[in-house]
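Below is one structure, written out as structure tokens, with a few remarks after it.
Number of protein chains: 2
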Amino acid sequence: MIQRIAILGTGLLGTSVGLGLRASGFGGSLVGWNRGAAGAEQALSMGAIDAVAADPIEAARGAQVTLLAVPIYPTLDLMEQLAGVLGPDQLLTDVGSTKGQITEAAGRLFNVPGRAAFLPGHPMAGKERGGAELGDAGLFRGAVWLFTDVAKWERSSAASALVRDWRELVVSMGSRTIDIDPSRHDEMVAWVSHLPQFTATALSALLEEAVGDAPELKDVGGRALREMTRLGASPFSMWRDIAATNTAAVEKALLALEQRLQYIRENLRGPELREEFEQANKFRSGS
Amino acid sequence: MIQRIAILGTGLLGTSVGLGLRASGFGGSLVGWNRGAAGAEQALSMGAIDAVAADPIEAARGAQVTLLAVPIYPTLDLMEQLAGVLGPDQLLTDVGSTKGQITEAAGRLFNVPGRAAFLPGHPMAGKERGGAELGDAGLFRGAVWLFTDVAKWERSSAASALVRDWRELVVSMGSRTIDIDPSRHDEMVAWVSHLPQFTATALSALLEEAVGDAPELKDVGGRALREMTRLGASPFSMWRDIAATNTAAVEKALLALEQRLQYIRENLRGPELREEFEQANKFRSGS
Chain X
1 MIQRIAILGT
11 GLLGTSVGLG
21 LRASGFGGSL
31 VGWNRGAAGA
41 EQALSMGAID
51 AVAADPIEAA
61 RGAQVTLLAV
71 PIYPTLDLME
81 QLAGVLGPDQ
91 LLTDVGSTKG
101 QITEAAGRLF
111 NVPGRAAFLP
121 GHPMAGKERG
131 GAELGDAGLF
141 RGAVWLFTDV
151 AKWERSSAAS
161 ALVRDWRELV
171 VSMGSRTIDI
181 DPSRHDEMVA
191 WVSHLPQFTA
201 TALSALLEEA
211 VGDAPELKDV
221 GGRALREMTR
231 LGASPFSMWR
241 DIAATNTAAV
251 EKALLALEQR
261 LQYIRENLRG
271 PELREEFEQA
281 NKFRSGS
Chain F
1001 MIQRIAILGT
1011 GLLGTSVGLG
1021 LRASGFGGSL
1031 VGWNRGAAGA
1041 EQALSMGAID
1051 AVAADPIEAA
1061 RGAQVTLLAV
1071 PIYPTLDLME
1081 QLAGVLGPDQ
1091 LLTDVGSTKG
1101 QITEAAGRLF
1111 NVPGRAAFLP
1121 GHPMAGKERG
1131 GAELGDAGLF
1141 RGAVWLFTDV
1151 AKWERSSAAS
1161 ALVRDWRELV
1171 VSMGSRTIDI
1181 DPSRHDEMVA
1191 WVSHLPQFTA
1201 TALSALLEEA
1211 VGDAPELKDV
1221 GGRALREMTR
1231 LGASPFSMWR
1241 DIAATNTAAV
1251 EKALLALEQR
1261 LQYIRENLRG
1271 PELREEFEQA
1281 NKFRSGS
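Note that the protein sequences, when read in sequence, are chains X and F. According to this note's numbering, the stretch in the first sequence is residues 1 to 287, in order. According to this note's numbering, the stretch in the second sequence is residues 1001 to 1287, in order.
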């Protein structure tokens, strides 16, 4: 049974995990660390953590499970720092949006004899804005929580019970877990997550240029425009690392969308437009 | 005071107008006509209209105000048919999504001595699926209802009281009216309405191709994916006429988005990506 969890990074996701664990009845202790002290204090005041640690290493040292809930590059940095510090009866896991580099680092730095275990994870949940103050116990309800590199656990280790328990905690927060190969993960999220984000960013940036000086036009667009640009509020600080660690797959998806838009543009008066609508209708009718 | 309104086309919008008028206390009679009889019967059974007319001309002949709530080309057809039939004490208005051709036809066929008045209108409200059964008394609450060619009314006519009354009914359904020049209207909706629609269509059609055989991936995308593709369900039957009557403005907007996506694609690892996110954040922060 997991008695103590360290949450490194008490932004939107880390804070929501703390709140979600508490709401689902987790009775162990939750220690949090955040790069900016205000975020940790905020998470503490909301009850997402019981105590604020001054140092991420110390926080992880005392925990059976450590959750890395920071952007990709800080996650990789913390992995380097923690690899030599933790032992084989400890588990690390993360919430990073790309899994190729993290899974590679997990195999190199952890998951070997004498080292702690690392289970790469990715909850498909979030908001268009970050920060502890938006933390939400229900954020993971109905979401899919992806894990990569899971097969390794079958031939492992002191920490395999912790892996099982952590997966149960994830389910207790209302998520459905899916195991997926890391390269398939990155290719897939390029389509269903990263492409929609960069599309919303491009559309929002373009509209700011085209109609930004006439704010009443945003009202004119109504719900459709609000939905299509909601992700335009997403912070660069998070997406920079995603763009940099999944570049090839995102490039491929963006190029495909550019070509699709061009095809529609060149056929606005042709029968091809009907086929595009029918194909799009098909995507939605299945969901 | 308006005593009798004819609603020609009892799809989503026509039915919602009937329901909205009733909900806001309109006490006159509402006669409906629909090309397919089932849609008219549905609207009747929901209380959106009091009676079904067998013929659009007859329905309009007996009404003080006739609302054309059909796609653009059928609207233009009905305008031709009704021009010689109605008199100067009658008002026509419409809900068409492009206003250039309709406003031009209104000036040619109506709004001249001896003819009925025509007030081009465009409620910025809808759903991604059509049909009387989705009719909703609250559809126009909080929406903007655009009118074009309004200046003409200042130098007009027996019908000017009807125009004023119709605008009041629109406000009573919860909409805010904005008057706008028709060419400015078409340019503007290309950005805030048509571009988001064609973007969602392109994205949905592309994703159907890329991941359509793995329906569990739609769940993985979560709320963000659902929102970015909701409009993918929109019917071609409505958008065909929009694409054909606002082609140049939509082409311009689509080309601009293609270029924006290409710029993002070519700068996924560069400082330019930050500027795109900041520009997009700005669009959202104003709304």
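Positions of the beta carbon are idealized from the N, C-alpha and C atoms, including for glycine.
I want to verify the contact list: residues of chain X whose CB lies under 7 Å from the CB of Trp1191(F), in sequence order.
Per Cβ cutoff of 7 Å: Leu207, Ala210, Val211.
Please identify the residue among Gly1222(F), Val1170(F), Gly1009(F), Val1189(F) whose C-alpha is closest to the C-alpha of Gly1138(F).
When each option's Cα is compared against that of Gly1138(F), the closest is Val1170(F).
Residue of Gln1064(F), Ala1106(F), Lys1099(F), Gly1121(F) minimising C-alpha distance to Gln1081(F)
Considering only alpha carbons, the answer is Ala1106(F).
Just grab the DSSP bridge partners of Phe118(X) for me.
The partner list for Phe118(X) (beta bridge, DSSP) reads Leu92(X).
Collapsed DSSP secondary structure at Ser1024(F) in the structure displayed:
In the structure shown, the three-state DSSP call for Ser1024(F) is coil.
Reference Ala294(X), options Val211(X), Asp94(X), Gln90(X), closest by Cα:
Residue 294(X) lies beyond the range of chain X shown here (1 to 287); nothing can be said about it.
Neighbouring residues, chain X, relative to Gly1221(F) (Cβ below 8 Å):
For Gly1221(F), the chain X residues whose C-beta falls within less than 8 Å of its own C-beta are Met124, Val192, Ser193, Pro196, listed in chain order.
Coarse secondary structure for Leu1078(F), derived from DSSP in three states:
Leu1078(F): helix per DSSP, three-state reduction.
So, does the CB of Gln90(X) fall closer than 8 Å to a CB anywhere in chain F?
It does not: the Cβ of Gln90(X) has no partner Cβ on chain F nearer than 8 Å.
Considering only residues of the region 1236-1287 of chain F, which uninterrupted alpha helix (DSSP H) runs meet the minimum length of 4 residues and lie entirely inside it, listed in chain order?
List check, alpha helix (DSSP H) in window: 1236-1245, 1247-1266, 1272-1285.
Cross-chain neighbours of Met228(X) in chain F, by beta carbon under 7 Å:
What Met228(X) touches in chain F: Pro1196, Thr1199, Ala1200, Met1228.
With DSSP collapsed to three states, give me the class of Thr148(X).
In the three-state DSSP reduction, Thr148(X) falls in the strand class (E or B).
Listed from N- to C-terminal order along the chain, which residues in the region 1253-1277 of chain F have their beta-carbon within a distance smaller than 7 Å of any beta-carbon of chain X?
The residues in question are Leu1254, Leu1255, Ala1256, Leu1257, Glu1258, Arg1260, Leu1261, Gln1262, Ile1264, Arg1265, Leu1268, Arg1269, Leu1273, Arg1274, Glu1276, Phe1277.
Which first and last residues belong to the alpha helix (DSSP H) in which Thr201(X) is found?
That run of the alpha helix (DSSP H) goes 195-211.
Considering only C-alpha positions, which residue in the set Ser193(X), Ala38(X), Glu209(X) is nearest to Ile242(X)?
Looking at Ser193(X), Ala38(X), Glu209(X), the one whose alpha-carbon comes closest to that of Ile242(X) is Ser193(X).
Hey, could you find the ends of the beta strand (DSSP E) Thr177(X) is sitting in?
Per DSSP, Thr177(X) is one residue of the beta strand (DSSP E) stretching across 176-180.
Nearest-angstrom Cα distance between Gly1135(F) and Ser1045(F)?
Approximately 12 Å, taken between the alpha carbons.
On the three-state DSSP scale, how would you describe Glu1154(F)?
Confidence at Glu1154(F) is low in this model, with a pLDDT of 48, below 50, so the placement of that residue is unreliable and no value is reported for it.
Have a look at Leu1086(F), Ala1244(F), Asn1111(F) and flag the residue whose alpha-carbon is nearest the alpha-carbon of Pro271(X).
Ranking the options by Cα distance to Pro271(X), first place goes to Ala1244(F).
From the DSSP output, read off the bridge partner residues of Pro123(X).
Under DSSP, Pro123(X) takes part in a beta bridge, and its partners are Trp145(X).
Identify the contact partners of Gln279(X) in chain F, using a Cβ-Cβ distance below 8 Å as the criterion.
Near Gln279(X) (Cβ distances below 8 Å), the residues of chain F are Ser1204, Ala1205, Glu1208, Glu1209.
Under 8 Å between C-beta atoms, does Ala1224(F) make it to chain X?
Yes, Ala1224(F) counts as interfacial toward chain X.
Output needed in chain order: residues of the region 1174-1189 of chain F with a Cβ under 8 Å from some Cβ in chain X.
Of all residues in the region 1174-1189 of chain F, only Arg1176, Ile1178, Met1188, Val1189 place a beta-carbon less than 8 Å from a beta-carbon of chain X.
If Thr1148(F) sits next to Asp1094(F), beta carbons under 8 Å apart, how far is it from one beta carbon to the other, in whole angstroms?
10 Å between Cβ atoms; not a contact.
Bridge partners - Ala1051(F), DSSP secondary structure assignment
Per DSSP, Val1031(F).
Using 8 Å as the limit for Cβ to Cβ distance, is Lys1099(F) near chain X?
It does not: the Cβ of Lys1099(F) has no partner Cβ on chain X nearer than 8 Å.
How is the alpha helix (DSSP H) around Leu67(X) delimited, first residue to last?
No alpha helix (DSSP H) holds Leu67(X); the beta strand (DSSP E) holding it covers 65-68.
Contacts around Glu154(X), its chain only, beta-carbon distance under 6 Å, and the 5 residues preceding and following it disregarded:
At Glu154(X) the pLDDT is 48, less than 50, meaning the model places this residue with poor confidence; the figure from the coordinates comes in the next sentence. For Glu154(X), where only same-chain residues beyond five positions count, there are no Cβ hits under 6 Å.
What residues match up with Leu162(X) in a beta bridge as DSSP calls it?
Its beta-bridge partners do not exist; DSSP assigns none.
Kindly list, in the order they appear in chain X, the residues whose Cβ is closer than 9 Å to that of Arg1167(F).
Residues of chain X passing the Cβ test: none, with the nearest at roughly 17 Å.
Considering Cα atoms alone, identify which of Ala43(X), Gly221(X), Ala63(X), Asp179(X) is closest to Pro1123(F).
Closest by alpha carbon: Gly221(X).
Have a look at Gln279(X), Leu254(X), Asn267(X), Trp239(X) and flag the residue whose alpha-carbon is nearest the alpha-carbon of Val70(X).
Nearest to Val70(X) by alpha-carbon distance, out of Gln279(X), Leu254(X), Asn267(X), Trp239(X), is Trp239(X).
Please confirm whether Leu231(X) and Gln197(X) have their CB atoms less than 8 Å apart.
With contacts defined by Cβ atoms closer than 8 Å, Leu231(X) and Gln197(X) form a contacting pair.
Can you list, in chain order, the residues of its chain whose CB lies under 8 Å from that of Ser287(X), leaving out five sequence neighbours each side?
Because Ser287(X) sits at a pLDDT of 47, beneath the cut-off of 50, its placement in the model cannot be relied upon, and the following sentence gives the value as read from the coordinates. Counting only residues of its own chain and dropping the five nearest sequence neighbours on each side, Ser287(X) has no CB closer than 8 Å to any other CB.
If we define contact as Cβ-Cβ less than 8 Å, is Glu1251(F) a contact residue for chain X?
Yes, contact with chain X.
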